[in-house]
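Going by numbering that gives the first Met the number 0, the letters in the first sequence line up with residues 0 to 565, in that order.
We treat Cβ as the ideally placed atom computed from N, Cα and C, and that holds for glycine.
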Amino acid sequence: MQFKKEIAEAIKETLKQFKVKTDKTKIEAELKPPPAPALGDFAFPCFSLAKSFKKNPTDIAKLLRDAIRKTKNFDKIDASGPYLNFFIEKTRLAAETIKQVLKEKQKYGRGQNKIGRVMIEFPSPNTNKPLHLGHLRNMAIGESVARLLEATDNKVIRANLNNDRGVHICKSMLAYQKFGRNKKPDKKTDHFVGDYYVRFAKELEKNSKLQDETQALLVKWENGDKKTIALWKKMTAWAIDGFKETYKTFGIKHDITYFESSLYDKGRNIVNDGLKKGVFQKRADGAILIDLTKDGLDEKILLRADGTAVYITQDLYLAKLKNDKFNLDGSIYVVGSEQEYHFKVLFLILRKLGFKFAKNLKHLSYGMVMLPEGRMKSREGTVVDADDLIEEVRQLAEKELTKRYHLPTKELKSRGLKIALAAIKYHFLRPDVGKTITFNPKESISFDGNTGPYILYAYARAGSIIKKSNRRIAVLKIFSVNQEERNLINKISELPQTVLAGAREYNSAPIANYVFDLAQIFNAFYHQCPVIGSDNESLRLNLTNAFRQTLKNALYLLGIETIEEM
RNA sequence: GUCCUCGUAGUUUAACGGAUAGAACACCAGCCUUCUAAGCUGGAUACGAAGGUUCGACUCCUUCCGGGGACACCA
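Below, the structure is given as structure tokens:
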């Protein structure tokens, strides 16, 4: 922001007079809006100068104020306690901000936080049951962080890993084999597969021998038994086809998809190399392990005594594979916090093996999604299904729309879906990424207050103003700026710094909070300041346009689409 | 047992170590002949406990209490 630079320059020059050396960018970073607008536009805290001045911050603020007043021409400078508060002429502040937004359009808010080529992996589901609430949070986070990185000058590669082998897959397979009678799916195909996973758990209660049968089935699968492979192929295809539909509805696409079934066996070379290098050890029975007790972790098995691979073996391989293929500067795994230990171990091993890319790896850990009753258990069927939730919220949105309009079915469906997705995505992105969420069905699908629909509504209302103005091209003329207008302008001007903060922390929550503040401030403006026909129509119309652009850009970073009418 | 995380109004939550801890839901009272009331305005209520570091702590450190997670030759 230009004003910050101006102020920082003035402070720096003034400090020079006092023989205090400082960095301009450091000063710029310290400048921030005061808690109340009446205090000014930018505040400079004087605490850090106490040592060099050998005075208390309150006196320093006064000193600096007088010195700057002599040389520089600001609208107003105040020393308020330990803070030096700057006022920028309101019409200038307004004009610059609005012009910048309208000029940069969809690029407004973008910044520089270059990492380079970054892969982000999500949601990496198991192919034995449909996606659930946890995956919704995962996908919302993954897509949003991907967009944040793209908006800050990075090339992003979206990846997905299908966990399509193992005992859990064999459970659904076994149940289908025994009770499915070659039935074709009569519902969304991943749901159909999931039913057999639940069925297995139920049957297991009656007959504990089924557990051994799944193990036997896994051995058959690993030995390439034709019938087993055919069944596996059929069922994983059903699961994955179902996922694809959900991804499409949700609005995510992957650039590359990996399959555990073709990776799980390939980490051996890495493990054997590590053994040669002396990073790993061989146990008496032949198993290969690494002792991480000196690093505060435990021992970890990397290959079983019989030479078969374990979960982490393929992760070692996949990490290398990704890097070899894409030459990555960063690689992010969007995976729940329950796997923090696993990734700590994985990254440490890769570092010990001497892989340069190991320092670029990041586990983007997010908190679990719980139900009021406790943890979701897919085996017990207490999961809230992703597709079902989207559908349920969509129907609620359609109901609201029907109250207001008579829309053609197609339009009703499409608008209803966008509103539902806004509600869901916003709900999952708003809380800090690391926090556990308790999903309360009643509150979580609310459309009032701090929710996705509230924000879309503000956007639609602003659009209504633009439409009623007949989209006349208004040359920006500013005569005066009142409190509501100024609040909105200030908030609009904060998008770039918010995007940077979010990108640096791989966290969309600051954007979500920003979007709500922005919508709320607009709503206050909307009620207080009539646009069309007002004396200040030029400013207000342009401001409304700038608001729409800013909100749209911010929502895009959350993966949320706007709608023109609501 | 060890480690990681989170504790802010009744509920869901916000706050680079800095000014009066900010919202939303729910509750109460108002506002639709004016650009969409999924809205706006006003109202009561909160930093788990105790120490410490600091000019200054919701934020950092220690201990305790409470919730969640992990420490598989499961994925």
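Item: Between which residues of its own chain and Asn153 is the CB-CB distance below 6 Å, once the five residues before and five after are set aside?; Value: Ile114 and Val117
Item: Per DSSP, Ser330 is paired with what?; Value: Met118 and Leu360
Item: For the alpha helix (DSSP H) containing Ser463, list its first residue and its last residue.; Value: Gly451 to Lys467
Item: Cβ of Val368 within 9 Å of Cβ of Leu132?; Value: yes
Item: Starting from Glu298, follow the beta strand (DSSP E) in both directions and report where the run begins and ends.; Value: Glu298 to Leu302
Item: Do Leu540 and Ala457 have their C-beta atoms within less than 9 Å of each other?; Value: no
Item: Going by DSSP, what residue range makes up the beta strand (DSSP E) through Lys293?; Value: That residue, Lys293, is in no beta strand (DSSP E); it is neither H nor E in DSSP.
Item: Kindly identify the DSSP beta-bridge partner or partners of Lys75.; Value: Phe86
Item: Just to confirm my understanding: we take Ile289, look at its own chain, exclude 5 residues before and 5 after, and list those with CB closer than 8 Å. What are they?; Value: Gly273, Val278, Phe279, Gln280, Glu298, Lys299, Leu301, Ile348 and Lys351
Item: Alpha helix (DSSP H) containing Leu550: first to last residue?; Value: Glu536 to Leu556
Item: At 4 residues or longer, and completely inside the segment 206–272: list those alpha helix (DSSP H) runs for me, N to C.; Value: 209–221 and 225–249
Item: Less than 9 Å between the C-beta atoms of Ile255 and Leu315, yes or no?; Value: no
Item: Compare the Cα-Cα distances from His341 to each of Val309, Phe478 and Phe446 and report the closest residue.; Value: Val309
Item: Determine the extent of the beta strand (DSSP E) in which Ile156 is found, giving its start and end residues.; Value: Lys154 to Asn161
Item: Please report the straight-line C-alpha distance between Gly366 and Asn506, rounded to a whole angstrom.; Value: 13 Å
Item: How is Lys53 classed by DSSP in three states: helix, strand or coil?; Value: coil
Item: With DSSP as the reference, label Val571 as helix, strand or coil.; Value: In the structure as shown, the chain begins at 0 and stops at 565. Residue 571 is therefore absent and cannot be evaluated.
Item: When the Cα of Val100 is compared with those of Gln496, Ser492 and Ala508, which residue comes out closest?; Value: Ser492
Item: Using the rule of at least 16 other Cβ atoms within 10 Å of the residue's Cβ for burial, across every protein chain shown, is Asn544 buried or exposed?; Value: buried
Item: Just to confirm, is the Cβ distance from Arg393 to Ala93 under 9 Å?; Value: no
Item: For Cys169, which option in Ala145, Tyr195, Glu149 and Thr90 has the closest C-alpha, if you only look at C-alpha atoms?; Value: Tyr195
Item: Does the separation of the CB atoms of Leu420 and Gly250 fall below 9 Å?; Value: yes
Item: Pull up the DSSP beta-bridge partners for Phe178, would you.; Value: Beta-bridge pairing links Phe178 to no other residue.
Item: Between Pro56, Lys31 and Lys15, which lies nearest to Thr70 when the distance is taken from Cα to Cα?; Value: Lys15
Item: Between which two residues does the alpha helix (DSSP H) holding Phe524 run?; Value: Ala508 to Gln527
Item: Assign Val586 to one of three DSSP states: helix, strand, or coil.; Value: This structure gives no information on residue 586, because the portion of the chain shown stretches from 0 to 565.
Item: Does Lys187 come out as helix, strand or coil in the three-state DSSP assignment?; Value: coil
Item: Indicate whether Ile444 and Ala422 have their beta-carbon atoms separated by less than 9 Å.; Value: yes
Item: Taking just the CA atoms, how far does Tyr246 sit from Lys252?; Value: 7 Å
Item: Who are the near neighbours of Ser533 in its chain, counting only those whose CB is closer than 8 Å to its CB and skipping five residues on each side?; Value: Arg539
Item: Do Ser468 and Ile531 have their beta-carbon atoms positioned less than 9 Å apart in this structure?; Value: yes
Item: Considering just the uninterrupted stretch of the beta strand (DSSP E) at Pro44, what are its terminal residues?; Value: Phe41 to Pro44
Item: From what residue to what residue does the alpha helix (DSSP H) around Ala139 run?; Value: Leu132 to Glu149
Item: Between Gly80 and the rest of its own chain, which residues show a CB-CB distance below 6 Å, the 5 nearest in sequence each way excluded?; Value: Thr57
Item: Identify the continuous alpha helix (DSSP H) that holds Gln313 and give its terminal residues.; Value: Tyr310 to Phe325
Item: If you reduce the DSSP assignment to three classes, tell me which class Asn439 lands in.; Value: coil
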